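Everything below concerns the one structure shown next.
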Amino acid sequence: MEKIKQFLRRKNVVLSMQRYGIDALGAMAQGLFCTLLVGTILNTLGQQLHIGFLNQIVATVGKGEGAVSYTVGGLASAMVGPGIAIAIGFALSAPPMVLFSLIPVGFAANAMGGAGGPLAVYFVAIVAAECGKLVSKETKIDILVTPVVTVLVGVAMAAWVAAPIGAAAAAVGSFVRWATVLQPFFMGILVSVVIGMALTLPISSAAICAALSLTGLAGGAAVAGCCAQMVGFAVMSFRENRWGGLVAQGIGTSMLQMPNIVKNPKIWIPPTLASAITGPLATCLFKLEMNGAAVSSGMGTCGFVGQIGVYTGWLADIAAGTKAAVTALDWTAMALICFLLPAALSWLFCQLLRKWGWIKENDLKLEL
Numbered sequence: 179m180e181k182i183k184q185f186l187r188r189k190n191v192v193l194s195m196q197r198y199g200i201d202a203l204g205a206m207a208q209g210l211f212c213t214l215l216v217g218t219i220l221n222t223l224g225q226q227l228h229i230g231f232l233n234q235i236v237a238t239v240g241k242g243e244g245a246v247s248y249t250v251g252g253l254a255s256a257m258v259g260p261g262i263a264i265a266i267g268f269a270l271s272a273p274p275m276v277l278f279s280l281i282p283v284g285f286a287a288n289a290m291g292g293a294g295g296p297l298a299v300y301f302v303a304i305v306a307a308e309c310g311k312l313v314s315k316e317t318k319i320d321i322l323v324t325p326v327v328t329v330l331v332g333v334a335m336a337a338w339v340a341a342p343i344g345a346a347a348a349a350v351g352s353f354v355r356w357a358t359v360l361q362p363f364f365m366g367i368l369v370s371v372v373i374g375m376a377l378t379l380p381i382s383s384a385a386i387c388a389a390l391s392l393t394g395l396a397g398g399a400a401v402a403g404c405c406a407q408m409v410g411f412a413v414m415s416f417r418e419n420r421w422g423g424l425v426a427q428g429i430g431t432s433m434l435q436m437p438n439i440v441k442n443p444k445i446w447i448p449p450t451l452a453s454a455i456t457g458p459l460a461t462c463l464f465k466l467e468m469n470g471a472a473v474s475s476g477m478g479t480c481g482f483v484g485q486i487g488v489y490t491g492w493l494a495d496i497a498a499g500t501k502a503a504v505t506a507l508d509w510t511a512m513a514l515i516c517f518l519l520p521a522a523l524s525w526l527f528c529q530l531l532r533k534w535g536w537i538k539e540n541d542l543k544l545e546l
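Under the numbering used here, the first residue of the sequence shown is numbered 179, with each subsequent residue one higher.
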């Protein structure tokens with residue numbers, strides 16, 4: 179047993195929640211962002227601003243009726259599987275030969291996983307990367323053995339588990355969406371609070387939303403919760419962090435507050451209460467839906483990706499004939515749910531907690 183442990187240490191195979199539940203999951207979100215999300219943004223910019231080179235077909239795969247044409251954004255989105263796999267491999271400190279071999283593994287897992295492709299890639303890429311690391315540089319023909327083992331293990335596992343994982347993820351996502359439509363008030367609170375807190379924790383809310391294909395009303399509640407955390411922390415800590423902190427948290431990430439939350443968990447109360455209010459307002463009053471890329475549901479105001487997702491969803495609904503036009507009420511709902519209410523509610527709750535002595539001076543101070 180000791181020899182096995184020494185071998186795993188030498189190969190940097192660390193069986194831990196930190197490595198797989200935080201590092202790999204965070205990398206998954208980065209892979210999603212650099213492929214699917216960037217592709218969606220580029221397509222939206224091209225269509226709305228009439229930018230010729232973004233709307234131009236740059237590649238066509240196949241012939242005849244089965245041919246698929248891609249814009250720049252379309253190509254980026256199509257690489258979501260390889261993008262996630264490589265990002266995860268990088269997070270697991272995979273050697274170059276293993277890292278590059280994850281490209282076909284990610285493609286296979288995403289294709290076989292269907293609607294739950296990103297989650298399938300997550301599991302398959304972890305196993306393939308770790309197996310590849312175990313054999314890396316162990317033979318004189320490493321240039322052949324390492325990629326062959328990585329690809330064979332990854333594709334075999336994808337064939338075995340990708341479809342069931344994808345189906346399970348799709349089922350859970352469908353249940354959450356169905357439950358949110360059936361009980362928009364309670365599910366609006368639950369989804370908003372849980373996904374919002376996941377955004378602030380050192381795990382990936384974006385990856386969770388993508389894995390569960392969280393869109394529709396549930397996606398709108400998730401956007402509300404994430405915005406409450408980001409905008410809430412940005413505004414309530416303005417006296418300590420000024421403009422730098424406002425920008426870093428408001429369009430960066432509320433995860434910056436995690437060290438302060440560990441020191442004083444009470445600072446998490448204001449934005450969490452705000453999310454418990456804006457979530458049901460989004461689902462019950464404004465019927466705010468996020469029908470863009472599911473990963474956008476877990477991004478909040480980070481680069482305004484959540485808002486871009488809502489907007490692209492509006493455009494998709496209009497194109498599908500389920501929505502007539504983008505109205506003033508739509509823009510008002512977005513402004514209130516994503517910016518104004520989170521700022522006002524979090525500030526108000528924070529002032530009360532400061533008055534009660536639960537939050538003290540510099541409890542929200544960031545080391546920027």
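A virtual CB, placed ideally from N, CA and C, is assigned to each residue, including glycine. Quick caveat, the model's predicted, so the values are computed rather than measured.
- Note on W446: 16 or more other CB atoms within 10 angstroms of its CB, so buried under the neighbour-count rule.
- Close CB contacts of A452 within its chain, under the 6 Å cut and outside five residues either way in sequence, are with A406, G410, P520, L523 and S524 (chain order).
- For S255, same chain residues with a beta-carbon under 7 Å away, outside a window of 5 residues either side, are T213, L214, G217 and T218 in chain order.
- For A245, the three-state secondary structure derived from DSSP is coil.
- In this structure, the CA atom of V283 is about 8 Å from the CA atom of A336.
- The shortest CA-to-CA distance from V483 to any of F278, L530, V354 and G398 is the one to G398.
- Secondary structure in the region 265 to 349: the alpha helix (DSSP H) runs of 4 residues or longer, each lying completely within the stretch, are 274 to 291, 295 to 313 and 320 to 335 in chain order.
- Within the same chain, N469 and K501 come within 7 Å of D495 by CB-CB distance, once the 5 residues on both sides are set aside.
- Judged by DSSP in its simplified three-state form, T479 adopts coil rather than helix or strand.
- Secondary structure at T213: helix, using DSSP grouped into helix, strand and coil.
- In the structure shown, V504 falls within a coil segment according to DSSP collapsed to helix, strand and coil.
- The beta carbon of Y198 lies closer than 8 Å to those of I304 in the same chain, with the five residues before and after it left out.
- Using a 10 angstroms sphere on the CB of V359, the tally of other CB atoms stays under 16, which defines it as exposed.
- By the neighbour-count criterion, in which a residue is buried when 16 or more other Cβ atoms sit within 10 angstroms of its Cβ, V327 is buried.
- Counting C-beta pairs with one atom in each stretch, the region 476 to 491 and the region 383 to 403 have three or more that are closer than 8 Å, which means they touch.
- For A237, the enclosing beta strand (DSSP E) begins and ends at A237 to V239.
- By the CB criterion at 8 Å, N288 and G259 fall inside the cutoff.
- Here DSSP, grouped into helix, strand and coil, assigns M468 to strand.
- Scanning its chain for C-beta atoms nearer than 6 Å, with the 5 sequence neighbours on each side dropped, one finds around M365 the residues A357 and T358, in chain order.
- By the CB criterion at 8 Å, A376 and S383 fall inside the cutoff.
- Each residue's CA atom was taken as its position, placing A511 and Q529 some 25 Å apart.
- Counting only residues of its own chain and dropping the five nearest sequence neighbours on each side, G457 has a CB closer than 6 Å to the CB of G366, I367, S370, A399, A402 and G403.
- Taking a contact as a CB-CB distance under 8 Å, the pair L253 and I264 does not count as one, their CB atoms being some 16 Å apart.
- Your pair I343 and G310 does not check out as a contact, with CB atoms roughly 20 Å apart and the cut at 8 Å.
- Under the DSSP definition of a beta bridge, G394 partners with M468.
- Counting only residues of its own chain and dropping the five nearest sequence neighbours on each side, F527 has a CB closer than 6 Å to the CB of P448 and L451.
- Q225 is positioned such that its CB atom lies closer than 8 Å to that of N233.
- Taking all protein chains in view, the Cβ of F353 is surrounded by fewer than 16 other Cβ atoms within 10 Å, so the residue is classified as exposed.
- N540 carries a coil assignment under DSSP once its states are collapsed to helix, strand and coil.
- Distance from L395 to A347 at the Cβ level is roughly 19 Å; contact not present, criterion being Cβ atoms closer than 8 Å.
- Non-local C-beta neighbours of N419 in its own chain, meaning closer than 6 Å and more than five positions away in sequence, comprise L544, ordered along the chain.
- At the C-beta level, A307 and A272 come within 8 Å of one another.
- Distance from G491 to E467 at the Cβ level is roughly 6 Å; contact confirmed, criterion being Cβ atoms closer than 8 Å.
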